[in-house]
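I have placed the structure first, in the form of structure tokens, so that the comments after it can refer back to it.
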Amino acid sequence: MTRFAFAALIYLLMGMMVVLPPVMVLAMALSHGAGAALATFADPDALSAIRLTIIMTVLTVGVNTVFGVMAAWTLSHFRFPGRNLLIVLIELPLSVSPVVGGLVWLLVFGTQGWWGTALERWGHPIMFAPPGILLATIFVTFPYVTRTLMPMLAHNGRTAEEAAITLGASLWQVLWHVTLPGARLALVSGILLTTARAMGEFGAVSVVSGHIPGLTETMPLHIETLYNGYQTVAAFTMAALLVLMAVIVVAVRTFLERGQDRTEKTA
Amino acid sequence: MSVQLDHITRILPQSSRPIVDDISLLVPDGSFTALVGPSGAGKTSLLRIIAGLDPHQGGHVMIDGACVDIQDARARNIGFVFQHYALFAHMTVAANIGFGLSIRPRRTRPGKADIAARVADLLDLMQLPRMGGRYPHELSGGQRQRVALARALATGPRVLLLDEPFGALDPLVRQQIRGWLRDLHERLGLTTILVTHDRQEAAELADTVVLMRNGRIVQSGPARQLEDNPADPFVMTFTGDVVRIAGHVAHGMFIPALPDIQPVATPTADGPAEILIRPADIRLLPGGGGTHAHLRHRRGPVGIYETTIAHTTFAVETITTSDSAHVIPDCALDITAGRLARGDTWLERAA
Amino acid sequence: MVKVQSITRRGLLHASMAAGTAMAFPPLRAWAATGLLNVSYDPTRELYQDIDRSFSRQWAQTHGNSPVQVRTSHGGSGAQARSVLEGAPADVVTLGLAYDIDILAQHGLLATDWQGRLPHNSTPFTSTIVFLVRKGNPKNIHDWPDLIRDGVQVITPNPKTSGGARWNYLAAWGWALRQPGGTADTARAYLKALFAHVPVLDTGARGATNSFVQRGLGDVLLAWEDEALLATRDIGPDQFDIVVPPITILAEPPVAVVDRNVQAHGTTAVAQAYVTYLFSDEGQKIGARHYFRPVNPTILDANRDRFPDTATFDIASLGGWTTVQKDHFADGGIFDSIYSR
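Residue numbers (the numbering used here), protein chains in the order written: chain Z, 1128 to 1394; chain S, 4 to 354; chain L, -7 to 333.
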């Protein structure tokens, strides 16, 4: 009986903590009818926020996948001085507040920062512009690919890679055909975590964005702006869209994991 | 292709003792050589150095007379079979076997049909028909090892290196694959080096057995030669069953510490010593002493007598007939056929 | 038959790189030529939405071949000033208090005499600080002393980050000083008692309004008059009452063109036109519509019914922003001393 009691408790908690909030978001979005909710997307600022979020997410995922794979591969294959320090550093963004992540970039690239005057002369702004948002998003999502990939690479070991080398594979071929496919479940997991986090990042982006509607507002920032502007329906419609995007990411991940279960057992 | 090792040394970064210590060895073209020895002897390290997977600090590796020290592992074209198969879990058996061909640069890559034909041939050769579409985890251990072997052979390697390839298999399968590998070697004539810790496996498969210990070659030659003329007590112990009888040398005679064992003449200086002898070489001298030997069991013409001297039981192999006695009373052991040793070296025996 | 399986995300990656470089940068360049950025403070969202639209329309009539799109960003006044200082490309700043613009001037973003470049000390609209209470005024709050009665919860944002909050604070301070026997010590005691009644410190005026209006926190919100009127008339009709205290501060949120940025963007003319427009009859009328007190006396008179009469004192009577900032809001100032214990 305790089994069912525990199960019921978990269901209740999950329902209250995880299921209910998105449902309420959706309910709020539709509180004035679907028409009012859809009208949200007639606003060019909203479309711009959606577009910016997608671009930033795609770029972040691209950059962090490349860097994450490089870092995970290097760290799991080689022993070198400072390796443990590097592992700690890679995890740093997980423990540091995202606001700090944003402020750090301001310190470097803001006009009062180290390279501020040089950048100003160059004429291409980094802070309060999409490049700054990209940097901030990359910073907060940096650890995910590395952290999910490293244990998998360690678990897989090196012999499959060595086998590929003796068969004539180059370093790149080993990585592409053996190492990454062998750890693709972890890689996909890391990429999707990065995607979800990049789409939803608020704190770090908020610091470097400047909150310029239509230009530097991502979806989370635009939701805040809408909410503060008493545009409740629009705010919750955008929020519902963001929730939907996150649900899609999770669903893709689950689907891929199920599809790959077959071949994932070690030979 | 021949493989020649010229004073190879490898020292691990945080270690004082070399794991491979000044090894020179010639593996002739088309031969089957086994590297044997206890674990930690440096067998696998040596194999990995030949393959180019591990670096070496001193000496040269030559394949077919040409030095390959500066060649990457990928350029050496050496087939390598790992103990735990190291198959690509996410690829089908056919993709595993065809991997080495399909990743070649476009210029030298065979066509898809050619690769497929080569894979099909190898599957036949390995007696794995219709397995091409399976994934490694769907195969048994023996099948996986054959896939690994087929994968190593697919690129037409110059040399085949096998690192404890049967270690993870159960004894019955191991026995089957062993015979089959020997056949394969005879058919292909590919220079092969096998690493194993199993002397019987080495003796059964290889023309030449190289016995290693502590990073050095202790003795090499045909298995029979190592067995019959072991270079030192270690070789003798490793290559077959050995009975060790402790004692000391005094006045030109080796006196066993146990009673009822006959002394052996030796010109060696006085001091502690021992005799190492194969069980089959011990003889019973009826009436020569005070111990009784009991016939324990018979295997064909060979009978095993056991006798206990001062809490030590000796098994003695002799040719018996159906009317041989079950108990031989008042006998002694004759160990004249044994080898006299002090420490790690043989002592001179009386001519 | 033999196929080496590889990662299928290759295509996605390549596409993303191409899309990224193509899409992330053009809007920025395009905007530099045709856009104008007004960095403003919190409660002006509705005001500048209207002004921006109206100004763009008027600009298009006179400059048909080069239309302008005005964007306005909002946040706590101090935080917004900080963004501009760090490089946010503001052409115009319309902040909650002059001190925040002074900081920009100190760092060379605009001339230090900026406040004299436009009429009325560069303040197109004024406002006051009033009390917003629940409908029917259940806690019977009418004047500053009522705020520190037992059981009254006061909502006001953090003066460290919010311009509006500083006005709230200084309104209370100024009132306390003007009481019979009022000194800095009695004023400090009053403010200490007042902040003991504050359950949450939001970072901006709009956050505080949301706490009070949407989350139902507190009994009285200290607010800009415009924010309070917006809340009663547009957002929660029949839920709130406005209480105007007998004496309060005259809040003067100023505007300025950010010289260095407009030179870089080539937007000097349009930025100048924009701030001038705020003082025009049309701009003044839009301000009145959004419950900001126009500085143009004629238009203020025409809207008398929207703006209740009350006695006011201004920031100069408290010594001016520089002094006030140093004494009250700097680290270790009076606010720190009354709030930390």
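Ideal placement from N, C-alpha and C gives every residue a C-beta, glycine not left out.
Where does W216(L) fall in DSSP's three states?
Here residue 216(L) is taken as the residue at index 224 of the third sequence, counted from 1. Correct three-state label for W216(L): strand.
Is there at least one Cβ from chain L nearer than 9 Å to V1146(Z)'s Cβ?
Counting from one through the first sequence, the residue named residue 1146(Z) turns up at place 19. False, the Cβ-Cβ gap to chain L never drops below 9 Å.
Please name the residue or residues paired with W349(S) in a DSSP beta bridge.
Within the second sequence, numbered from 1, the residue matching residue 349(S) stands at position 346. DSSP lists A344(S) as partners of W349(S).
Can you give me the C-alpha to C-alpha distance between P139(S) and F91(S), rounded to a whole angstrom?
Within the second sequence, the letter at position 136 stands for residue 139(S). Within the second sequence, the letter at position 88 stands for residue 91(S). If you take the alpha carbons of P139(S) and F91(S), they lie about 8 Å apart.
Going by DSSP in three states, H297(S) sits in which element: helix, strand or coil?
Against the second sequence, residue 297(S) aligns to sequence position 294. Strand, per DSSP.
Select from G292(S), S105(S), T324(S) and A44(S) the residue whose C-alpha is nearest the C-alpha of R301(S).
Translated into positions along the second sequence, residue 301(S) becomes position 298. Checked all of G292(S), S105(S), T324(S) and A44(S); the closest Cα to R301(S) is T324(S).
Would H99(L) count as contacting chain Z if we go by Cβ distances under 9 Å?
Within the third sequence, numbered from 1, the residue matching residue 99(L) stands at position 107. For H99(L), the answer is yes, since a Cβ of chain Z falls inside 9 Å of its Cβ.
Could you have a look at V213(S) and say whether DSSP puts it in helix, strand or coil?
Numbered from 1 along the second sequence, position 210 holds the residue referred to as residue 213(S). In the structure shown, V213(S) sits in a strand (DSSP, three-state: E or B).
Could you check which residue in G1237(Z), E1384(Z) and R1178(Z) has the C-alpha nearest to that of L1312(Z)?
Taking the first residue of the first sequence as position 1, residue 1312(Z) is located at position 185. Selected option, being the one with the closest Cα: E1384(Z).
What are the boundary residues of the alpha helix (DSSP H) that includes I43(L)?
Here residue 43(L) corresponds to residue number 51 of the third sequence, with the count starting at 1. Taken as a continuous stretch (DSSP letters only), the alpha helix (DSSP H) holding I43(L) covers R37 to T54.
Cβ-heavy atom distance between A1245(Z) and the ligand MN below 8 Å?
You won't find the ligand MN in this model; it holds no ligand whatsoever.
Determine the burial state of T1381(Z): buried for a count of at least 16 other Cβ atoms within 10 Å of its Cβ, exposed for fewer.
Along the first sequence, read from residue 1 onward, the residue named residue 1381(Z) stands at position 254. When all chains shown are included, T1381(Z) counts as exposed.
Do the CB positions of F284(L) and L213(L) come within less than 9 Å of each other?
Walking along the third sequence from the start, residue 284(L) turns up at place 292. Walking along the third sequence from the start, residue 213(L) turns up at place 221. Not a contact, by the Cβ cut-off of 9 Å.
Under the assumption that G155(L) contacts G70(L) (Cβ atoms under 8 Å), give the Cβ distance between them as a whole number of angstroms.
The residue given as residue 155(L) occupies position 163 in the third sequence. The residue given as residue 70(L) occupies position 78 in the third sequence. Contact holds; Cβ gap of about 6 Å.
Between the Cα of Q203(S) and the Cα atoms of P233(S), F241(S) and T47(S), which residue gives the shortest distance?
The sequence position of residue 203(S) within the second sequence is 200, counting from 1. Closest by C-alpha distance to Q203(S), out of P233(S), F241(S) and T47(S), is F241(S).
Using a threshold of 9 Å, state whether the C-beta atoms of T1268(Z) and L1320(Z) are closer than that.
Start at 1 with the first residue of the first sequence, and residue 1268(Z) comes out as number 141. Start at 1 with the first residue of the first sequence, and residue 1320(Z) comes out as number 193. It is a contact, given that the beta carbons lie within the stated cut-off.
Comparing C-alpha positions only, which one of L1368(Z), M1372(Z), E1328(Z) and A1367(Z) sits nearest to P1220(Z)?
Numbered from 1 along the first sequence, position 93 holds the residue referred to as residue 1220(Z). The shortest Cα separation from P1220(Z) among L1368(Z), M1372(Z), E1328(Z) and A1367(Z) belongs to E1328(Z).
Which word fits W165(L), buried or exposed, when buried means at least 16 other C-beta atoms lie within 10 angstroms of its C-beta?
In the third sequence, counting from the first residue as 1, residue 165(L) sits at position 173. Label assigned to W165(L): buried.
Any idea what DSSP makes of N30(L), helix, strand or coil?
The count along the third sequence starts at 1 and reaches residue 30(L) at position 38. When secondary structure is reduced to three states using DSSP, N30(L) falls in the strand class.
Could you list the residues in the stretch 221 to 253 of chain L with a C-beta less than 7 Å from some C-beta on chain Z, going in chain order?
I227
Give the residues of chain Z in contact with T12(S), contact being defined as C-beta atoms less than 8 Å apart.
To locate residue 12(S), count along the second sequence from 1; it is residue 9. None at all; the shortest Cβ gap to chain Z is about 22 Å.
When DSSP builds the beta bridges, which residues end up paired with M65(S)?
For this step, residue 65(S) is matched to residue 62 along the second sequence. When beta bridges are read from the DSSP output, M65(S) appears opposite Q7(S) and C70(S).
For a contact meaning CB atoms closer than 8 Å, what does G68(S) contact in chain Z?
Reading the second sequence from its first residue, position 65 is the one you call residue 68(S). Residues of chain Z passing the Cβ test: none, with the nearest at roughly 21 Å.
Going by C-alpha distance, which of V1332(Z), S1316(Z) and A1361(Z) is nearest L1233(Z)?
The residue given as residue 1233(Z) occupies position 106 in the first sequence. Residue V1332(Z) is the option with its Cα nearest to L1233(Z).
Please tell me whether P116(L) and F271(L) are closer than 9 Å, where the distance is taken between their beta carbons.
One-based indexing of the third sequence puts residue 116(L) at position 124. One-based indexing of the third sequence puts residue 271(L) at position 279. If you check the CB distance, P116(L) and F271(L) come in under 9 Å.
Hey, out of R63(L), L39(L) and T36(L), whose CA is closest to V335(L)'s CA?
The structure shown does not extend to residue 335(L), since chain L spans only -7 to 333, so no value can be given for it.
Under 9 Å, do H99(L) and Q1239(Z) count as touching if we go by C-beta distance?
Against the third sequence, residue 99(L) aligns to sequence position 107. Against the first sequence, residue 1239(Z) aligns to sequence position 112. Yes. Within cutoff.
Consult DSSP for R126(L) and reduce its assignment to one of helix, strand or coil.
By one-based count along the third sequence, residue 126(L) stands at place 134. Correct three-state label for R126(L): strand.
Report the start-end ranges of each alpha helix (DSSP H) in the stretch 1286 to 1339 of chain Z that is 4 residues or longer and not cut off at the edges.
1286 to 1293, 1311 to 1327 and 1330 to 1336
Just how far apart, CA to CA, sit H200(S) and R109(S)?
For the purposes of this step, residue 200(S) is identified with residue 197 of the second sequence, where counting begins at 1. For the purposes of this step, residue 109(S) is identified with residue 106 of the second sequence, where counting begins at 1. Cα to Cα, the separation comes out at about 41 Å.
Applying the 10 Å Cβ sphere with the 16-neighbour rule, what's the burial state of Q276(L)?
Counting from one through the third sequence, the residue named residue 276(L) turns up at place 284. By the Cβ-count criterion, Q276(L) is buried, with 16 or more other Cβ atoms from all chains shown falling within 10 Å of its own Cβ.
What residue ranges within the stretch 17 to 97 of chain S form continuous beta strand (DSSP E) runs of no fewer than 3 residues, ordered along the chain?
23 to 30, 35 to 39, 61 to 66 and 81 to 84
Determine the chain Z residues that contact I369(S) at a beta-carbon separation under 9 Å, and present them in chain order.
The structure shown does not extend to residue 369(S), since chain S is modelled only from 4 through 354, so no value can be given for it.
Is the Cβ of I81(S) closer than 9 Å to any Cβ of chain Z?
Taking the first residue of the second sequence as position 1, residue 81(S) is located at position 78. It does: the Cβ of I81(S) has a partner Cβ on chain Z nearer than 9 Å.
Going by the beta-carbon positions, is the gap between T269(S) and R352(S) smaller than 9 Å?
Counted from its first residue, the second sequence places residue 269(S) at position 266. Counted from its first residue, the second sequence places residue 352(S) at position 349. Yes, the Cβ-Cβ distance between T269(S) and R352(S) is below 9 Å.
Is the distance from the Cβ of V6(S) to the Cβ of V162(S) below 9 Å?
The sequence position of residue 6(S) within the second sequence is 3, counting from 1. The sequence position of residue 162(S) within the second sequence is 159, counting from 1. For the pair V6(S) and V162(S), the CB atoms are nearer than the 9 Å cut-off.
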